[in-house]
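Peer 1:
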Amino acid sequence: MSKPAHYESKIDPLAYMKENMSAAGYEGFLIGNVIKYVTRYPKKNGLEDLKKAKDYIEKAIELYEKEEEGKKKQDNHHNWVCPKCKKSNSQKIPRGSIFTIFNCSHCSTPVMVKFK
3 MSKPAHYESK
13 IDPLAYMKEN
23 MSAAGYEGFL
33 IGNVIKYVTR
43 YPKKNGLEDL
53 KKAKDYIEKA
63 IELYEKEEEG
73 KKKQDNHHNW
83 VCPKCKKSNS
93 QKIPRGSIFT
103 IFNCSHCSTP
113 VMVKFK
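Counting from 3, one number per residue, gives the positions in the sequence shown under our numbering.
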């Protein structure tokens, strides 16, 4: 959607908020605007408000997809050294774990590993 002339400035407010707000704060702003425009469209600006809501939901979807992509890229593996054979291991951390028992991938020694 194109911006009216009164929105043209050196600083793009949405870009500024995205850079300076927490992800949760920015997401709340986007979803709040979706709710605002969808709620008021029948009594105020009709199709224009629906298009604005669509723009904000698309930005929220984009943010969500980037966060999900970032979660997938996060290192969900834990690197540790076996106390018996002294070899390095890297194993996937079970979701929600505080500690777990891994078997060394080299010598099969069970080792309790605590996560920070």
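For every residue, glycine included, the Cβ atom is placed at its ideal position computed from N, Cα and C.
Just to confirm, are A62 and E29 a CB contact at a threshold of 9 Å?
Peer 2: yes
Peer 1: In whole angstroms, what separates the C-alpha of W82 from that of S90?
Peer 2: 6 Å
Peer 1: Among all the DSSP beta bridges, which residues are the ones paired with N47?
Peer 2: Per DSSP, none; premise fails for N47.
Peer 1: According to DSSP, M114 sits in a beta bridge with which residue or residues?
Peer 2: I103
Peer 1: Can you round the beta-carbon distance between C87 and T102 to whole angstroms, since I take them to be within the 8 Å contact cut?
Peer 2: Actually they are not in contact, since the Cβ atoms of C87 and T102 sit about 19 Å apart, beyond 8 Å.
Peer 1: Kindly indicate which three-state DSSP category K38 falls into: helix, strand or coil?
Peer 2: In the structure shown, K38 adopts helical secondary structure according to DSSP, grouped into three states.
Peer 1: Using alpha carbons as the reference points, say which of L16, G48, A25 lies closest to K68.
Peer 2: Ranked by Cα distance from K68, the options L16, G48, A25 are led by A25.
Peer 1: Can you tell me which residues form a DSSP beta bridge with N81?
Peer 2: S92
Peer 1: Can you tell me where the alpha helix (DSSP H) holding M19 begins and where it ends?
Peer 2: 15 to 22
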